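Visitor: Pasting in a structure now, in structure tokens, and then I'll have a few things to ask.
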Amino acid sequence: MSLAYYPGCTLKTKAKNLEDPAIASMEVLGSRLEEIPRWNCCGAVYSLADDDLIHQVAPVRNLIRVKEQGKNEVVTLCSFCLNTLKRANLLMKEDAEKRGTLNSFMDEEIDYGGEVEVVHLLEVLKDQVGWEALAQKVKLPLRGLRVAPYYGCTLLRPREVAVDDVEKPTILQELLEALGATPVDFPEFAECCGSYQIVSSPDDIPKYAWHILNSALSHGAEALVLTCPLCDYNLGQGQKELMKKHDEFDGVPLFYFTQLLALALGLGPQVCHFELNYGEPELLLREKNLLPRGEAL
Amino acid sequence: MSVKENNKNPAETTVKEKKQLAVKLIPVHIMGKRYEVPEGLTIMKAMEYAGYRFIRGCGCRGGTCGACGTVYRKPGDYKLQVALACQKTVEPDMYVAQIPFFPANRAEYKFTELTSAPEEVFRLYPELFRCVACNACTKACPQGIEVMDAISALKQGNITEAARLSFDCIQCGLCTSRCLGELAQYHMFQLARRIYGARILSRAEHLAEMVKAVEEGEYEEALEKLKGMNEEELKRAYQEREVEPVSAGEDWKPKDKRYL
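Chains as they are written, first to last, in my numbering: chain Y, 1011 to 1307; chain U, 7 to 266.
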């Protein structure tokens, strides 16, 4: 089976460790993630201004690319891309006037009226592959690995585009269980990482990061799993500074959900690119016998 | 036209005949003013016919230099059209204006210090990320380049794809003139093609070997021999040289294998 796939710019530059293991894992699971042709930036952030239609052009154009392929579903990996595309899609479905304006503006493209569904790979794993079927394909169960599922904001909010229950999501926990890992719940699972405040107020980010990381650790987690390159950056890049500030903090590995998926499916570190991760995941994985001994990352 | 008419002294041509021979004139609006110009002229020639003189800013007149970017509209069509004035022939009632130059800042860089990392482009042209995918650039390209797709490729860190897509760019600047995000697409593409050519495209190993052979004097003797010939000898040598037959197969080799 082939799934229309929207990667997003960050996955092609900074977050290869999110994309590569996803593509390889889906091959193993019998579904090919087929990159849609001629995609452009998703818009990065959904514009909340009511009269700012020009910023809906980028996401809608991507949805048109999917429709052109004769597909009615597109899979995303990055939470921000999911959020932006899905909200633009809702606008095109529900607001006839704005739909008309956007279609008229993009008169070089075919008309679009929300025919495509935007889904996250987590939803594909849950609804199309199924946790039981996934569990049966696991070659290297992540036994003894205690991982805190961190959802962040854009996977769950606003409610209309959430991939799971907004208040009590379980989809990441279910994935971890299917892979043989131990999910560790913690109250800050959906606290904001600071998001794009990293650009305007970078000094504030360590506060947010510490709040989240410290909570996960104090609830017994050895690592966090996440879906968003921006969360990864905000929770990861300041860890060295946090270690200087907090004696008891030794850093904590951050994994993309696709890396744990690929690892459990037996795809190994060549596919997972752990070398791009924050928080020295190699040490933890070796300790848990989840990396082949002596093999360099 | 009969033979008899053809043999007639041109001076005897009547006024009526002159009118019949004359090229059809069509109305065009150049910089907002109406002119009647002969059908079939290029926009550039039509402007000269109307009295414009191109001392500078007319470029190569061959469609490759990018100096005669032109915009026009036709009555009843809201679409802005683009063309190169030296390539496009006039159409009745078109409203034409030339944009021989459009200001766009080119980043300064020391090329020898650049790598093939996508971040080089991001750093030199941070305005890249102001693109909102409106696609006005693509519509403005007289070369038919998918300009927006090439910009998307740069954002995705795919310098190779940006270089490939923009290969036909003649740097006329019309994309830049239409850009909502104030990007200087054509300068970014030039940077992409430079990086691609120097840092990404694989080197031709046989070229380096050949240059080395030349430098080591492998061809000196043959060259000296040629230089010592008079005109007649040169001509004969040229005519008698061994030429690969049209029907030669892949494994054809010349009799003289000294320089293979």
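Where a beta carbon is used, it is the ideal one built from N, C-alpha and C, also for glycine.
Just so you know, these numbers come straight off a predicted model, no measurement behind them.
Decide yes or no for the touch test of the stretch 86-95 of chain U against the stretch 62-70 of chain U: beta carbon pairs closer than 8 Å, at least 3 of them.
Guide: Enough Cβ pairs lie closer than 8 Å, so yes.
Visitor: Please specify which runs of the beta strand (DSSP E), each continuous and at least 3 residues long, are wholly inside the stretch 1186-1218 of chain Y, giving them in chain order.
Guide: Counting only runs of 3 or more, we get nothing.
Visitor: Using a beta-carbon distance cut-off of less than 7 Å, what residues from the stretch 100-124 of chain U approach chain Y?
Guide: Listed by position, the residues of the stretch 100-124 of chain U near chain Y (Cβ gap below 7 Å) are Pro-124.
Visitor: If distances are taken between C-alpha atoms only, which option among Leu-266/U, Lys-161/U, Arg-79/U and Gln-196/U comes closest to Gly-38/U?
Guide: When each option's Cα is compared against that of Gly-38/U, the closest is Arg-79/U.
Visitor: Sort out for me which residues DSSP pairs Asn-29/U with in a bridge.
Guide: For clarity, residue 29/U is Val in the given sequence; the question names Asn instead. Val-29/U is not bridged to any residue.
Visitor: Going by beta carbon distance, what residues of the same chain come within less than 8 Å of Arg-1048/Y, once the five residues before and after it are set aside?
Guide: Excluding residues within five positions, the ones whose Cβ falls inside 8 Å are Arg-1075.
Visitor: Whether or not the stretch 1012-1021 of chain Y and the stretch 1034-1053 of chain Y are in contact is what I'm after, with contact meaning three or more pairs of Cβ atoms, one per stretch, closer than 8 Å; do they touch?
Guide: Yes, since at least three Cβ pairs between the stretch 1034-1053 of chain Y and the stretch 1012-1021 of chain Y fall closer than 8 Å, the two stretches touch.
Visitor: Any beta carbon from chain Y within less than 8 Å of Ala-254/U's own beta carbon?
Guide: So, not an interface residue.
Visitor: What are the boundary residues of the alpha helix (DSSP H) that His-212/U is part of?
Guide: Here the alpha helix (DSSP H) through His-212/U covers 211-221.
Visitor: Terminal residues of the continuous beta strand (DSSP E) containing Pro-1302/Y?
Guide: Premise fails: Pro-1302/Y is in no beta strand (DSSP E) and is neither H nor E.
Visitor: When you compare only the Cα positions, how much space is there between Ile-157/U and Asp-1175/Y?
Guide: Each residue's Cα considered, the two are about 37 Å apart.
Visitor: By the 10 Å Cβ neighbour count, where 16 or more other Cβ atoms means buried, how is Thr-144/U classified, buried or exposed?
Guide: Buried.
Visitor: Compare the C-beta of Asp-155/U with all C-beta atoms of chain Y and state if any pair is closer than 8 Å.
Guide: Output row for Asp-155/U: interface = yes.
Visitor: May I have the straight-line CA-CA distance separating Arg-242/U from Glu-227/U, to the nearest angstrom?
Guide: For Arg-242/U and Glu-227/U, the distance between alpha carbons rounds to 19 Å.
Visitor: Specify, as a first and last residue, the run of the alpha helix (DSSP H) that Pro-81/U falls within.
Guide: From DSSP, Pro-81/U is part of no alpha helix (DSSP H); its letter is neither H nor E.
Visitor: At a CB distance below 9 Å, what residues from the stretch 1110-1136 of chain Y approach chain U? Give them in sequence order.
Guide: Result list: Phe-1115, Met-1116, Asp-1117, Glu-1118 and Glu-1119.
Visitor: Taking Cβ to Cβ, would you say Asn-1099/Y is nearer than 8 Å to Tyr-1056/Y?
Guide: No; because the gap between Cβ atoms is not below 8 Å, this pair is not in contact.
Visitor: If we cut at 8 Å on Cβ distances, does Val-161/U have a partner in chain Y?
Guide: The question names Val, but residue 161/U in the sequence shown is Lys. Answer yes: the Cβ-Cβ gap between Lys-161/U and chain Y drops below 8 Å somewhere.
Visitor: Does Gly-1248/Y pass the burial test, meaning 16 or more other C-beta atoms within 10 Å, or should it be called exposed?
Guide: Looking at its Cβ environment, which holds 16 or more other Cβ atoms inside 10 Å, Gly-1248/Y is buried.
Visitor: Can you check which of these residues, Leu-1236/Y, Glu-1258/Y and Leu-1275/Y, is closest to Leu-1028/Y by C-alpha distance?
Guide: The shortest C-alpha separation from Leu-1028/Y is found at Leu-1236/Y.
Visitor: With DSSP as the reference, label Thr-95/U as helix, strand or coil.
Guide: Of the three classes helix, strand and coil, the one that applies to Thr-95/U here is strand, per DSSP.
Visitor: Kindly identify the DSSP beta-bridge partner or partners of Ile-36/U.
Guide: Beta-bridge pairing links Ile-36/U to Lys-39/U and Val-102/U.
Visitor: Between which residues of its own chain and Ala-142/U is the CB-CB distance below 6 Å, once the five residues before and five after are set aside?
Guide: Counting only Cβ-Cβ distances below 6 Å, and skipping sequence neighbours, we find Arg-184.
Visitor: For Val-1129/Y, which beta-bridge partners are listed by DSSP?
Guide: Val-1129/Y is bridged to Val-1085/Y.
Visitor: Between the C-alpha atoms of Lys-1024/Y and Pro-106/U, what's the straight-line distance to the nearest angstrom?
Guide: Between Lys-1024/Y and Pro-106/U, the C-alpha separation is close to 40 Å.
Visitor: In its own chain, which residues sit with a C-beta less than 6 Å from the C-beta of Phe-1196/Y, not counting the 5 before and 5 after it?
Guide: Around Phe-1196/Y: Ala-1158, Ser-1225, Ala-1226 and His-1229.
Visitor: Quick one: which residues of the stretch 1058-1076 of chain Y get their C-beta closer than 8 Å to a C-beta of chain U? List them in chain order.
Guide: Listed by position along the chain: Ile-1064, His-1065, Val-1067, Ala-1068 and Arg-1071.
Visitor: Cα-Cα, which of Cys-1091/Y, Lys-1077/Y and Glu-1107/Y is closest to Asp-1061/Y?
Guide: Asp-1061/Y has its Cα closest to that of Glu-1107/Y, out of Cys-1091/Y, Lys-1077/Y and Glu-1107/Y.
Visitor: Give the secondary structure of Gln-87/U by DSSP, where H, G and I count as helix, E and B as strand, and everything else as coil.
Guide: Here Gln-87/U sits in strand by DSSP.
Visitor: Give every residue of the same chain whose Cβ lies closer than 7 Å to the Cβ of Cys-74/U, excluding the five residues on either side of it in the sequence, and list them in chain order.
Guide: Correct list, in chain order: Met-50, Cys-64, Gly-65, Leu-90, Ala-91, Cys-92, Gln-104 and Pro-106.
Visitor: Excluding sequence positions up to five away, which residues of its chain have a Cβ less than 7 Å from the Cβ of Thr-121/U?
Guide: Excluding residues within five positions, the ones whose Cβ falls inside 7 Å are Arg-205.
Visitor: Cβ closer than 7 Å: which chain Y residues qualify as neighbours of Lys-80/U?
Guide: Going along chain Y, no residue has its Cβ under 7 Å from Lys-80/U, so there is no contact; the nearest lies around 16 Å.
Visitor: Measure the alpha-carbon distance for Leu-1273/Y versus Leu-1150/Y and round it to whole angstroms.
Guide: Rounded to the nearest angstrom, the two C-alpha atoms are 7 Å apart.
Visitor: For Ser-8/U, name the three-state secondary structure that DSSP assigns.
Guide: Only weak support is given to the placement of Ser-8/U: the predicted model assigns it a pLDDT of 42, under 50, and the question is left unresolved by the model.
Visitor: Quick one: grab the DSSP three-state call for Arg-199/U.
Guide: It is helical.
Visitor: Rounded to a whole number of angstroms, what is the C-alpha to C-alpha distance between Leu-1112/Y and Gln-1066/Y?
Guide: Between Leu-1112/Y and Gln-1066/Y, the C-alpha separation is close to 8 Å.
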